[in-house]
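> Those sequence lines, one after another, are chains A and B. Going by the working numbering, 102 is the number at position 14 of the first sequence; the sequence numbering is gapless. Going by the working numbering, 122 is the number at position 34 of the second sequence; the sequence numbering is gapless.
2 protein chains.
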Amino acid sequence: MSKEFFLNNEKKEEQFSVELSLFLQELNFDSQGLIPAIAQQYDTKQVLMMAWMNLESIQKTLESKQVCYWSRSRKKFWYKGEESGNIQYLKEMAVDCDGDAILLSVDQIGAACHTERAHCFYWKVDGDHCKLETKSCK
Amino acid sequence: MSKEFFLNNEKKEEQFSVELSLFLQELNFDSQGLIPAIAQQYDTKQVLMMAWMNLESIQKTLESKQVCYWSRSRKKFWYKGEESGNIQYLKEMAVDCDGDAILLSVDQIGAACHTERAHCFYWKVDGDHCKLETKSCK
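1) I'd like to know whether the C-beta atoms of VAL194/A and VAL155/A end up nearer to each other than 7 Å.
2) Check this for me: beta carbons of TYR157/A and ALA139/A, under 7 Å apart or not?
3) Given a cut-off of 7 Å on the beta-carbon distance, is the pair PHE94/B and GLY187/B in contact?
4) Run down chain A in chain order and give the residues with a C-beta less than 7 Å from the C-beta of MET181/B.
5) Any C-beta of chain B within less than 8 Å: which residues of the stretch 199-211 of chain A qualify?
6) Can you give me the C-alpha to C-alpha distance between PRO124/B and LYS219/A, rounded to a whole angstrom?
7) Do we get a CB-CB distance below 7 Å when we pair VAL106/A with the residues of chain B?
8) Using 10 angstroms around the beta-carbon of ARG205/B, count the other beta-carbons present and answer buried if the total reaches 16, otherwise exposed.
9) Step through the CB atoms of chain A and report whether any lies within less than 7 Å of the CB of GLU98/B.
10) Tell me the rounded alpha-carbon separation between VAL135/B and HIS207/B.
11) Closest Cβ-Cβ distance between ALA189/B and chain A: below 7 Å?
12) Could you check whether the Cβ of LYS168/A sits closer than 7 Å to any Cβ belonging to chain B?
13) Report the CB separation of GLN196/B from GLN129/B in whole angstroms; it is logged as a contact under 8 Å.
14) What residues are listed by DSSP as bridge partners for LEU218/B?
15) Buried or exposed for GLU98/A, please, with buried defined as at least 16 other CB atoms from any protein chain shown within 10 angstroms of its CB.
16) Just the C-alpha distance for GLU92/A and CYS185/A, rounded to the nearest angstrom, thanks.
17) How would you write the range of the beta strand (DSSP E) that GLU180/B sits in, first residue to last?
18) For a contact defined as C-beta to C-beta under 8 Å, what are the partners of GLU102/B on chain C?
Structural data, given as C-alpha cells:
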C-alpha cells in the first residue's frame, strides 16, 4: 500500500532514493486515478494554479519537461499552453509526505490563468467580502 | 451553478466584490464536500503543504484566523497544530478562477510537516530516482 511506503520511508536518511518508476507507482492517486498538482513559479515563488495529473501525465511531464495535466472537464491530456503558448517549463517536481500531492516548480511563459491573469488565485477574501484582486488582461 | 458564477464574474472590474457568505456557497466542493487548500508561508513564499477543507472548516479558519482543515482520515475538523503547537496563523485566503482550489497565506509556527520537516514536499524527483531532500528532525 502506498500509505505504508511513505510512512515506512519518512525517517530514512537524507538523500535516500527510490527508483522513479517504482516511486510513481506508490503515489496515492484518488479513485479516478488523479492527484492534485500545484504549479509554482520557480523564481518569484508565486503559486500559479492547481490542476490534476494522472500517472501518464506525470510521465509525459518528466519526459518532455513541459507540464502536462489531465483535464477533468475535457477528459484528455492537456499540455499547459498547447493552444495559448503559455507553456510551463518544468524545473523540479516534488511529492509530499503522504504521496497525495505534487508540487511543480515551473517557468511559466505568459499568463498562467485562462483569464490572462498571471496566476489563478485572484479572488481574495477581504473581511466580509471576497473581491477580484487583479484585472484580466483580456 | 458555481462554475457559472466564476465564469460570469471573471471579467468584472478589479475590486469587484461579492458578499463572503454568498461567495463561499459558490465554491466547487467535490462530491464529498471538500476542496483542496494549499498553505504557503507568507514571507518566504515556501509551499508548506496541501490538505482539504469543507465549508465549515473554511468558516472556522476565517473566524479564528487559525487554519482549520478537514481530516479525511480521521473524519473530523483539524486545527493545524492543535496537538503539536505548530499552528498556522492565517494571513490571507484566496480562491482560484474556477472556485475549486484555495490558497492560504499563513504564518507557520514550527514545522508544517508531521515529520517535523519545515514543509511536506521533501520527495524530489532527480533523474530516474526520487530522493528525500531534507532530514526529519525527529
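Note that CB positions come from ideal geometry on N, CA and C, so glycine has one too. The model shown is predicted, which means the values in this text are computed figures rather than measured ones.
So, from the listed chains and residues:
1) Counted from its first residue, the first sequence places residue 194/A at position 106. Counted from its first residue, the first sequence places residue 155/A at position 67. It is a contact, given that the beta carbons lie within the stated cut-off.
2) Numbered from its first residue, the first sequence carries residue 157/A at position 69. Numbered from its first residue, the first sequence carries residue 139/A at position 51. Yes. Within cutoff.
3) Stepping through the second sequence from its first residue, residue 94/B is reached at position 6. Stepping through the second sequence from its first residue, residue 187/B is reached at position 99. In this structure, GLY187/B lies closer than 7 Å to PHE94/B by Cβ.
4) Locating residue 181/B in the second sequence gives position 93, where the first residue counts as 1. Simply VAL213.
5) CYS201, HIS202, THR203, ARG205, CYS208, PHE209, TYR210, TRP211
6) To locate residue 124/B, count along the second sequence from 1; it is residue 36. To locate residue 219/A, count along the first sequence from 1; it is residue 131. Each residue's Cα considered, the two are about 20 Å apart.
7) On the first sequence, position 18 is the one that residue 106/A refers to. VAL106/A counts as touching chain B.
8) The count along the second sequence starts at 1 and reaches residue 205/B at position 117. Burial call: buried.
9) Stepping through the second sequence from its first residue, residue 98/B is reached at position 10. It does; some Cβ of chain A falls within 7 Å.
10) In the second sequence, counting from the first residue as 1, residue 135/B sits at position 47. In the second sequence, counting from the first residue as 1, residue 207/B sits at position 119. One C-alpha to the other measures close to 7 Å.
11) If you number the second sequence from 1, residue 189/B lands on position 101. ALA189/B belongs to the set of residues whose beta carbon lies under 7 Å from a beta carbon in chain A.
12) Numbered from its first residue, the first sequence carries residue 168/A at position 80. Chain B contact via Cβ: absent.
13) Taking the first residue of the second sequence as position 1, residue 196/B is located at position 108. Taking the first residue of the second sequence as position 1, residue 129/B is located at position 41. Confirmed, Cβ separation roughly 5 Å.
14) Numbered from 1 along the second sequence, position 130 holds the residue referred to as residue 218/B. Sequence inspection shows Cys at residue 218/B; the Leu mentioned does not correspond to that position. For CYS218/B, which the question treats as bridged, DSSP gives the partners VAL106/A, VAL213/B.
15) Within the first sequence, residue 98/A is the residue found at index 10, counting from 1. Flag for GLU98/A reads buried.
16) Here the question's residue 92/A lines up with position 4 in the first sequence. Here the question's residue 185/A lines up with position 97 in the first sequence. Cα to Cα, the separation comes out at about 11 Å.
17) Locating residue 180/B in the second sequence gives position 92, counting from the first residue. 176-183 is the extent of the beta strand (DSSP E) around GLU180/B.
18) The structure shown contains no chain C; the protein chains it does contain are A and B.
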